[in-house]
Amino acid sequence: MPVIIAVTVAEDFSACQAATIYILKGLKELFRENEYRTQYCNAVTENDIGKKVRAAGWVENIRDHGGIMFIDLRDHYGITQVVIDPECAFYQALERWRVETGVRFDGEVIARSESTVNPKLATGEIEIKATDMEILGDAEVIPFLIAKDDGAPEAMRLKYRFLDLRRDELHRNIMLRSQVIAEMRRYMTANGFNEFQTPILTASSPEGARDYLVPSRLHPGKFYALPQAPQQFKQLLMVAGFDRYFQIAPCFRDEDARGDRSPGEFYQLDMEMAFAAQDDVFAIIEDVLPPIFAKYGKYNIASSAPFRRIAYKDALETYGSDKPDLRIDLTCKNLSDLFTESEFEPFKGQTVKAVPISNCHLTRKQIEKLLTDCEVQAGVKGYWFKMDENGELAGGVAKFVQGCKEQLAQRLGLTPNTLVVIAAGASATKLTGVLIKTFGANVEGHMDKERYEFCWIVDFPMYEIGEESGELEFCHNPFSMPNGGLEILEQAERGEVDPLDINAFQYDLVCNGVELSSGAVRNHDPEIMVKAFELVRLGEDDVKAKFPAMYNAFCYGAPPHAGIAPGVDRMVMLLAGEDSIREIIPFPMNKNAQDIMMGAPSEVTQKQLDELHIAVTAHEEE
70 MPVIIAVTVA EDFSACQAAT IYILKGLKEL FRENEYRTQY CNAVTENDIG KKVRAAGWVE
130 NIRDHGGIMF IDLRDHYGIT QVVIDPECAF YQALERWRVE TGVRFDGEVI ARSESTVNPK
190 LATGEIEIKA TDMEILGDAE VIPFLIAKDD GAPEAMRLKY RFLDLRRDEL HRNIMLRSQV
250 IAEMRRYMTA NGFNEFQTPI LTASSPEGAR DYLVPSRLHP GKFYALPQAP QQFKQLLMVA
310 GFDRYFQIAP CFRDEDARGD RSPGEFYQLD MEMAFAAQDD VFAIIEDVLP PIFAKYGKYN
370 IASSAPFRRI AYKDALETYG SDKPDLRIDL TCKNLSDLFT ESEFEPFKGQ TVKAVPISNC
430 HLTRKQIEKL LTDCEVQAGV KGYWFKMDEN GELAGGVAKF VQGCKEQLAQ RLGLTPNTLV
490 VIAAGASATK LTGVLIKTFG ANVEGHMDKE RYEFCWIVDF PMYEIGEESG ELEFCHNPFS
550 MPNGGLEILE QAERGEVDPL DINAFQYDLV CNGVELSSGA VRNHDPEIMV KAFELVRLGE
610 DDVKAKFPAM YNAFCYGAPP HAGIAPGVDR MVMLLAGEDS IREIIPFPMN KNAQDIMMGA
670 PSEVTQKQLD ELHIAVTAHE EE
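Each residue of the sequence shown is one higher than the last, beginning at 70 in the working numbering.
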């Protein structure tokens, strides 16, 4: 399997090969011969012609060419071809071999004939003429092909994940993950950060998701919780006098799976800075991430500092999303005032937002198909019309907008062959975001896919009305500093300011439409902390009970501090060009939060339950 940097940094094969050889040169210096091999597979080159070597790995492929057997021998680093003559003592045994058998070969390195040179392999100019071999690990019939994608279902791949990980593409993804994490550590250390580990067993805390609970044997009826994030601990480290903290931190949240979210656990580049403000955090991230994305990404172009900053409300108004993909040049326009008395009922008196798409040559059928896809995602119907090549409005809802053609042309910048997709009603903003993302990716000329575009979403609201409760709740992190401090909270308490108009020093890092991270300037003042919680119906006693360590620590000279925690899994997913986060995690759970390889979650013995003072009242139906 190729060394990851060779396939991610370089576009052309010659560069890949050069990078591979360079890296392997370094590996040779560390390599020590042992009873299984004298060299890695990918390190056998034309310089070794005439030498006796020993190589070990897995049989990827067996080919019979007129009695002479050719075997592709694969290890972690790459592939070497082994040739076996019929005269070999072990030749007949090859008939019983299966692919993925672990084997060791001794032999002489010889040059391939000119007609058999494989320029796609770093070892493509040589082969090993085998003189001896040893089977190191027999293989049963494999449940799916390793050397090529045979369309095996995901459940099968996850059950046999140890085999799936031998696949070249997945193997490279996991190696990419390792290298990116190592690079993060180097950059963070170079910026003066110290790596600390925070507890895994801690107290349950209301942080926005369901906790994973761990029962205590020594304290009947009480539970630990796995941390949703090291949030409180890293703030306490700042109070403790440490200046710059980071950790490749495991986080545990009992959440439903999505394409960019794994159920159960995930990792983040957790960081915190003392005596720091928002700009200080931005400066570190803008120094650390762009070179990593440029070096290891599928695309070698990444935003340079400073990243664009977009206010939360502006992002919703312009892009229909607080996770805009800035590779897409489409934006939306609010046209509500044009349709207050519209004859078209879905528009009449409603919020109406339109996205103009110039130079669009999609057919009616294609437009309708994309609108249906958007409706499935957003749960609300979209509409469309088009200015045709003659400058006339046609298609979709054109007859209902003819009366304001001139205003539409001016406000939307309509030119011939401009498609206009429209969202209306209470969910107009949500649908607009989906329309921009979907049509931007499917209409030629409106998305520069070969790059990474970062932006900061800033000025998040401190509070929002909860969808389920219908009451005031924290919009983001409850430990964030409100813009205006104690004064603005007291004004809200007196009714002088609408709490929904209070912004916080909260920010999201977004790349290519994916939220990589949330962060904030922290609320380090206990008085402000209590007042912020009082607005959501939690008093001082509640704060002390729910966050005893935080409240207590803030009473002893807590410094101003700020931080952020970019998601490692999502970053690697973007770098690898994968759509599913499970493709960059060595041993992921499935969508139902099950590890079907290990059989987790599983039942435990009654003895274990008794020791933990737990009674099971219901079992999952098989």
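Glycine residues also receive a C-beta, built at the ideal position from the N, C-alpha and C atoms.
For clarity, every value in this text was computed on a predicted model and none was experimentally measured.
- [ ] Identify which residue in P657, I204 and E156 has its Cα closest to the Cα of F335.
- [x] If you compare the alpha carbons of P657, I204 and E156 with that of F335, the shortest gap goes to P657.
Task: Closest by C-alpha distance to R563, when choosing among E603, C580, E537 and S405 - done: Among E603, C580, E537 and S405, the Cα nearest to that of R563 belongs to E603.
Task: Collapsed DSSP secondary structure at L681 in the structure displayed - done: In this structure, L681 counts as coil in the three-state DSSP scheme.
Task: Alpha-carbon spacing of T192 relative to S274, whole angstroms - done: Each residue's alpha carbon lies about 55 Å from the other.
- [ ] Determine which residues share a DSSP beta bridge with E203 and list them.
- [x] According to DSSP, which records beta bridges pairwise, E203 is partnered with R173.
Task: For E341: DSSP bridge partner residues - done: In DSSP, E341 forms a bridge with Y314 and G632.
Open item on the list: Excluding the 5 residues flanking A467 on each side, which residues of the same chain have their C-beta closer than 8 Å to its C-beta?
Closed with: Only F454 and K455 meet the Cβ criterion.
TODO: List the residues that DSSP assigns as beta-bridge partners of H134.
DONE: I137, per the DSSP bridge assignment.
Open item on the list: Please classify G290 as buried or exposed, where buried requires at least 16 neighbouring CB atoms within 10 angstroms.
Closed with: Answer is exposed; the Cβ neighbour count stays below 16.
Task: Buried or exposed by the 16-neighbour rule on C-beta atoms within 10 Å, applied to Y91 - done: Here Y91 scores only 40 on pLDDT, less than 50, and its place in the model should not be relied on; the value that follows carries that caveat. Burial call: exposed.
Task: I148 (DSSP reduced to helix, strand or coil) - done: Collapsing the DSSP output to three states places I148 in a strand.
Task: Rounded straight-line distance, which links the Cα of I269 to that of T170 - done: When rounded, the distance between both Cα atoms is 39 Å.
Task: Rounded distance between the beta-carbons of K217 and G693, thought under 8 Å - done: Only positions 70 to 691 of the chain appear in this structure, which leaves residue 693 out of reach.
Open item on the list: Determine whether the beta carbon atoms of G451 and L440 lie at a separation below 8 Å.
Closed with: If you check the CB distance, G451 and L440 come in under 8 Å.
TODO: Name the two residues that bound the continuous alpha helix (DSSP H) containing E603.
DONE: Note, E603: alpha helix (DSSP H), P595 to E603.
Open item on the list: Within the continuous alpha helix (DSSP H) that includes G502, where are the two ends?
Closed with: In the DSSP assignment, G502 falls within the alpha helix (DSSP H) that extends over A497 to N511.
Open item on the list: Could you tell me the alpha carbon to alpha carbon distance between C685 and A352, rounded to whole angstroms?
Closed with: The question names Cys, but residue 685 is Val in the sequence shown. Each residue's Cα considered, the two are about 51 Å apart.
- [ ] Have a look at the DSSP bridge pairing and note the partners of V489.
- [x] Beta-bridge analysis with DSSP links V489 to P425 and F454.
- [ ] State buried or exposed for T501, treating a residue as buried only when at least 16 other CB atoms are found within 10 Å of its CB.
- [x] By the Cβ neighbour-count rule, T501 is buried, with 16 or more other Cβ atoms within 10 Å of its own.
- [ ] Taking all protein chains shown into account, decide if V445 is buried (16 or more other Cβ within 10 angstroms of its Cβ) or exposed.
- [x] Looking at its Cβ environment, which holds fewer than 16 other Cβ atoms inside 10 Å, V445 is exposed.
Open item on the list: Can you confirm whether the region 338-352 touches the region 300-315 when touching is taken to mean that 3 or more C-beta pairs between the two stretches lie within less than 8 Å?
Closed with: The region 300-315, when compared against the region 338-352, does touch it at the 8 Å Cβ threshold.
TODO: Please confirm whether L644 and G366 have their CB atoms less than 8 Å apart.
DONE: For the pair L644 and G366, the CB atoms are nearer than the 8 Å cut-off.
Open item on the list: Please state whether the Cβ-Cβ distance between R322 and R279 is less than 8 Å.
Closed with: Between R322 and R279, the C-beta gap is smaller than 8 Å, which places the two residues in contact.
Open item on the list: Here's a check: name, in chain order, each residue in its chain whose Cβ is nearer than 7 Å to the Cβ of K198, leaving out the five neighbours to either side.
Closed with: If we look at K198 and ignore the five residues flanking it on each side, its Cβ neighbours are V152, G176, E177 and I179.
Open item on the list: Can you confirm whether the region 574-591 touches the region 539-553 when touching is taken to mean that 3 or more C-beta pairs between the two stretches lie within less than 8 Å?
Closed with: Below 8 Å, enough C-beta pairs join the region 539-553 and the region 574-591 to call them touching: three or more.
Task: L282 classed as buried or exposed, judged by whether at least 16 other C-beta atoms fall within 10 angstroms - done: Classification for L282: exposed.
Open item on the list: Nearest by alpha-carbon distance to N403: which of P393, R241 and E386 is it?
Closed with: Checked all of P393, R241 and E386; the closest Cα to N403 is E386.
Task: Element boundaries [alpha helix (DSSP H), containing A380] - done: Premise fails: A380 lies in the beta strand (DSSP E), R377 to A380, not in any alpha helix (DSSP H).
- [ ] Quick one: grab the DSSP three-state call for E542.
- [x] E542 falls in the strand class under three-state DSSP.
Task: Beta carbon of F523 nearer than 8 Å to that of Q347 - done: Contact flag unset, no.
Open item on the list: Just verifying my parser: in three-state terms, what is the DSSP assignment at K402?
Closed with: Of the three classes helix, strand and coil, the one that applies to K402 here is strand, per DSSP.
Open item on the list: Check whether the region 483-499 and the region 376-384 are in contact - that is, three or more C-beta pairs closer than 8 Å.
Closed with: With the rule of 3 Cβ pairs closer than 8 Å, the region 483-499 does not count as touching the region 376-384.
Task: Classification of F543 by the beta-carbon crowding that lies within 10 angstroms, buried from 16 upward - done: It counts as buried.
Open item on the list: Quick check on the DSSP output: the beta strand (DSSP E) that includes A294 runs from which residue to which?
Closed with: Taken as a continuous stretch (DSSP letters only), the beta strand (DSSP E) holding A294 covers F292 to A294.
Open item on the list: Looking at the strands, I want to know which residues DSSP matches up with Y521.
Closed with: Y521 has A371 as its beta-bridge partners, per DSSP.
TODO: Kindly indicate the opening and closing residues of the alpha helix (DSSP H) around C443.
DONE: Counting along the chain, C443 sits inside the alpha helix (DSSP H) bounded by residues R433 to A447.
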